[in-house]
Amino acid sequence: MQSQKDNLRYSRQTTIPGFGNEAQEKLKNASILVVGAGGLGSPVLLYLVAAGVGKIGIVENDTVDISNLQRQILFTEKDVKESKLHKAHSRLEEMNSATEFVLFEERFSSENALAIAKEYDLLIDCTDNFPTRYLVNDVCEVLKKPFVYGALHRFEGQAAVFNHEGSCTYRDLFEN
Numbered sequence: 444m445q446s447q448k449d450n451l452r453y454s455r456q457t458t459i460p461g462f463g464n465e466a467q468e469k470l471k472n473a474s475i476l477v478v479g480a481g482g483l484g485s486p487v488l489l490y491l492v493a494a495g496v497g498k499i500g501i502v503e504n505d506t507v508d509i510s511n512l513q514r515q516i517l518f519t520e521k522d523v524k525e526s527k528l529h530k531a532h533s534r535l536e537e538m539n540s541a542t543e544f545v546l547f548e549e550r551f552s553s554e555n556a557l558a559i560a561k562e563y564d565l566l567i568d569c570t571d572n573f574p575t576r577y578l579v580n581d582v583c584e585v586l587k588k589p590f591v592y593g594a595l596h597r598f599e600g601q602a603a604v605f606n607h608e609g610s611c612t613y614r615d616l617f618e619n
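Below, the structure written as structure tokens:
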């Protein structure tokens with residue numbers, strides 16, 4: 444049930460034909476795991492929180508580096524050498540107090556991936572390395588969860604959804 448505050452906050456998206464309050468309620472009840480809070484993870488996290496996703500898990504174990512500030516828009520100069528995870532959490536929590544955050548200050552690895560991912564409806568890979576991307580794919584395949592993938596290289600970008608209702612997996616497109 445939408446509160447009056449929620450009705451005002453999300454009115455720009457709930458008035459879109461075909462979206463409405465029912466879709467907003469689905470976002471509020473959704474749980475999404477974002478692996479990586481850097482160049483791709485920053486805008487992804489900002490928009491998920493702004494849209495009203497109810498629960499967001501963040502996996503990140505790196506620190507903010509000044510050389511990344513031009514694309515990692517969650518962070519500022521005063522965040523340099525600080526934990527990306529904790530700085531991202533602090534900023535995102537200020538944006539939307541209704542979002543529940545679960546923080547994983549560790550690498551997404553074969554030892555922890557299944558345990559971390561099992562509680563989420565959807566996983567979004569925002570990393571910049573292939574081993575993690577393949578691991579996210581494999582975990583989603585095992586757990587039968589959709590996997591949103593994005594990648595940037597210079598002036599090119601790719602985005603896709605894998606493992607959704609029997610669709611292909613990342614490995615089907617990129618075998619190795």
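Quick note on numbering: this note's numbering labels position 166 of the sequence shown as 609, and the sequence is numbered without any gaps. C-beta atoms are modelled at their ideal positions from N, C-alpha and C, and glycine is treated no differently. Every value quoted in this text rests on a predicted model; they were computed, and no experiment measured them.
message: Taking DSSP's pairing of strands, which residues face GLN601 in a bridge?
response: GLN601 pairs with ALA594.
query: In terms of residues, what are the limits of the alpha helix (DSSP H) holding GLU465?
result: Start and end: 463–471.
task: Look at ASP564 and ARG576 and say whether their C-beta atoms are less than 8 Å apart.
output: No.
- request: Closer than 6 Å by C-beta to ILE509: which residues in its own chain qualify, once you throw out the five before and the five after it? Chain order, please.
  value: Closer than 6 Å at the Cβ level, and outside the excluded window around ILE509, lie VAL523.
- prompt: Based on Cα-Cα distance, which residue from VAL496, VAL604, THR457 and PRO574 lies nearest to GLU536?
  reply: A check of alpha carbon separations from GLU536 across VAL496, VAL604, THR457 and PRO574 identifies VAL496 as the nearest.
task: Give the range of the beta strand (DSSP E) segment to which VAL545 is assigned.
output: Element bounds for VAL545: 543–547.
task: Go through its chain and collect everything with a Cβ distance to LEU483's Cβ below 6 Å, but skip five positions before and after it.
output: CYS569 and GLY593.
task: Look up LEU512 in the DSSP assignment and say whether it is helix, strand or coil.
output: LEU512 falls in the coil class under three-state DSSP.
task: Look at the alpha carbon of ILE475 and the alpha carbon of GLU548, and state the distance between them as a whole number of angstroms.
output: The C-alpha of GLU548 is placed about 16 Å away from the C-alpha of ILE475.
query: How about VAL582 and LEU557: do their beta carbons lie closer than 8 Å?
result: Yes, the pair counts as a contact, with Cβ atoms nearer than the cut-off.
- request: Kindly indicate which three-state DSSP category LEU489 falls into: helix, strand or coil?
  value: Here LEU489 sits in helix by DSSP.
query: What's the C-alpha gap between PHE617 and THR506?
result: For the pair PHE617 and THR506, the Cα-to-Cα distance works out to about 30 Å.
query: Just the Cα atoms here: how many angstroms apart are LYS498 and PHE598?
result: C-alpha separation (whole angstroms): 32 Å.
- prompt: Rounded C-beta distance between LEU566 and VAL478? I'm assuming under 8 Å.
  reply: So it is a contact: roughly 7 Å between Cβ atoms.
message: With distance defined between alpha-carbon atoms, name the residue in GLN513, GLU525 and ALA473 nearest to ASN504.
response: For ASN504, the nearest C-alpha among the options comes from GLU525.
query: Going by other Cβ atoms of all chains shown within 10 Å of its Cβ, with 16 needed for buried, is LEU528 buried or exposed?
result: Classification for LEU528: buried.
field: Beta-bridge partners of ASP568, as assigned by DSSP
entry: Its beta-bridge partners are VAL478 and TYR592.
- prompt: Apart from the five residues just before and just after GLY500, which ones in its own chain have a Cβ nearer than 8 Å to its Cβ?
  reply: For GLY500, where only same-chain residues beyond five positions count, the Cβ hits under 8 Å are SER474, ILE475, LEU476, VAL477, PHE544, VAL545, LEU546, PHE547, ILE559, GLU562 and TYR563.
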